[in-house]
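> Numbering (full-length UniProt numbering), first residue to last: 1 to 122.
Heads up, the beta-carbon is just placed ideally off N, CA and C, and yes, glycines get one too.
So that we are looking at the same thing, I have put the structure below in structure tokens.
As structure tokens, then:
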């Protein structure tokens with residue numbers, strides 16, 4: 001990857017697939033003084049997913065979905081919560097709706113099912 005030139009509208013995407021990719025991308029950007037943006041599955045109404053002259057961390061392929069009937073957080077081992085779902089940053093609404101409905105759970109999201117649920121106010 002090369003540093004984007006000032007004055008261009010090009011954004012370079014880093015297709016991250018796990019946490020180590022995100023860490024490497026952030027280290028690279030820091031070492032080369034490159035601004036970071038985050039891109040999920042598509043666009044952001046306010047344009048934050050296509051910021052010019054940035055290295056975009058593309059989270060589309062972080063699409064894991066998990067369900068736990070008895071969940072205990074590492075930071076709070078004395079408390080167990082029932083029926084917890086976990087979504088990767090790239091999960092789209094349709095996949096989440098289908099997965100969690102099969103578990104008897106509802107999930108809040110928008111009408112456009114191709115939109116990723118993570119980010120913004122999710």
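According to the neighbour-count rule (16 or more other Cβ atoms, all chains shown, within 10 Å of its Cβ), is residue 90 buried or exposed?
By one-based count along the chain shown, residue 90 stands at place 90. Result: buried.
> If contacts are defined as beta-carbon pairs under 8 Å, then residue 58 and residue 93 qualify, I think. What distance do you get, rounded to the angstrom?
Counted from its first residue, the chain shown places residue 58 at position 58. Counted from its first residue, the chain shown places residue 93 at position 93. In fact, because the Cβ distance is near 18 Å, the residues do not count as touching under 8 Å.
> Okay, do the stretch 57-72 and the stretch 14-29 touch, 3+ Cβ pairs below 8 Å being the bar?
Yes, they touch.
> Ignore the nearest five residues each way along the sequence and tell me which others in residue 96's own chain have a CB closer than 7 Å to its CB.
Position 96 of the chain shown, counting from 1, holds the residue named residue 96. Excluding positions up to five away in sequence, the list reads 65, 87, 107, 109, 117.
> Please report how far the alpha carbon of residue 32 lies from the alpha carbon of residue 11, in whole angstroms.
In the chain shown, the residue the question calls residue 32 occupies position 32. In the chain shown, the residue the question calls residue 11 occupies position 11. Residue 32 and residue 11: Cα-Cα distance of roughly 15 Å.
> Looking at the strands, I want to know which residues DSSP matches up with residue 55.
Translated into positions along the chain shown, residue 55 becomes position 55. Partner(s): 12, 36.
> Would you kindly work out how many angstroms separate the C-alpha atoms of residue 67 and residue 74, rounded to a whole number?
Taking the first residue of the chain shown as position 1, residue 67 is located at position 67. Taking the first residue of the chain shown as position 1, residue 74 is located at position 74. Roughly 16 Å between the two C-alpha positions.
> Going by C-alpha distance, which of 26, 40, 34 is nearest residue 114?
Translated into the one-based positions of the chain shown, residue 114 becomes position 114. Comparing Cα-Cα distances from residue 114 to each of 26, 40, 34, the minimum goes to 40.
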